[in-house]
């Protein structure tokens, strides 16, 4: 079933929409969940939460890409669960490592203009990613969106681990310069 067909089912409030979305994008969501949480049970719970969010958000939301929309909802749900689980015991895992690596590049979300900053940051990140070579963009997105380990990225990309590390380091430096030029740092 195609995205427009699934979206039509959601608009008609047909419960089959949830089953079709889970069938179509459940694997993607579980993969994102496992990368962040490392637990099939927790990933499955987040997937259920995502399906509920789809049901409540569509309509009025009309995502252009249902796959990307599901992945973002899943990522946000898993990160929220991850933070909740790790509230007392900080550290460890790919998520903490990835967030730590980006800490010097992303502005603080504690100021009063948080939502405006988030929108500006999102738009700037999209422009930055559009300007990267495809291989660097893929490595960066795999690491900081899907939170994949560097070794896995190297294997999937067919490059050495050191190439992945160097690419990530250089891309973070470019991102920092870009955000400074945009006035976001």
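In this note's numbering, the protein residues as written are 3 to 187.
All residues carry an ideal CB built from backbone N, CA and C; glycine is no exception.
On the criterion of 16 or more Cβ atoms from any shown chain inside 10 Å, does residue i qualify as buried, or is it exposed?
| i | result |
| --- | --- |
| residue 157 | exposed |
| residue 173 | buried |
| residue 37 | buried |
| residue 14 | exposed |
| residue 100 | buried |
Using a threshold of 9 angstroms, state whether the C-beta atoms of residue i and residue j are closer than that.
| i | j | result |
| --- | --- | --- |
| residue 44 | residue 88 | no |
| residue 130 | residue 176 | yes |
| residue 77 | residue 20 | no |
| residue 69 | residue 39 | no |
| residue 53 | residue 23 | yes |
| residue 62 | residue 9 | no |
| residue 184 | residue 126 | yes |
| residue 104 | residue 186 | no |
| residue 11 | residue 32 | no |
Could you name the residues of the same chain whose beta carbon sits closer than 6 angstroms to that of residue i, not counting the 5 residues immediately before and after it, in chain order?
| i | result |
| --- | --- |
| residue 51 | 79 |
| residue 180 | 130 |
| residue 144 | 150 and 155 |
| residue 120 | none |
For the alpha helix (DSSP H) containing residue i, name the first residue and the last one.
| i | result |
| --- | --- |
| residue 28 | 18-39 |
| residue 58 | 42-59 |
| residue 169 | 163-183 |
| residue 186 | Careful: residue 186 lies outside any alpha helix (DSSP H) and carries neither H nor E. |
| residue 3 | No alpha helix (DSSP H) holds residue 3; DSSP gives it neither H nor E. |
| residue 87 | 68-87 |
| residue 139 | 136-146 |
| residue 1 | One cannot answer for residue 1 here, as it falls past the ends of the chain, which runs 3 to 187. |
| residue 149 | Taken as a continuous stretch (DSSP letters only), residue 149 belongs to no alpha helix (DSSP H), as it is neither H nor E. |
Going by beta carbon distance, what residues of the same chain come within less than 8 angstroms of residue i, once the five residues before and after it are set aside?
| i | result |
| --- | --- |
| residue 67 | 5 |
| residue 152 | 145, 163, 166, 167 and 170 |
Does the region 132-146 touch the region 157-177, meaning 3 or more C-beta pairs lie closer than 8 angstroms? Touching, yes.
Would you check if the region 166-180 and the region 45-65 touch, i.e. whether three or more CB-CB distances between them fall below 8 angstroms? Counting Cβ pairs under 8 angstroms, fewer than three are found: no touch.
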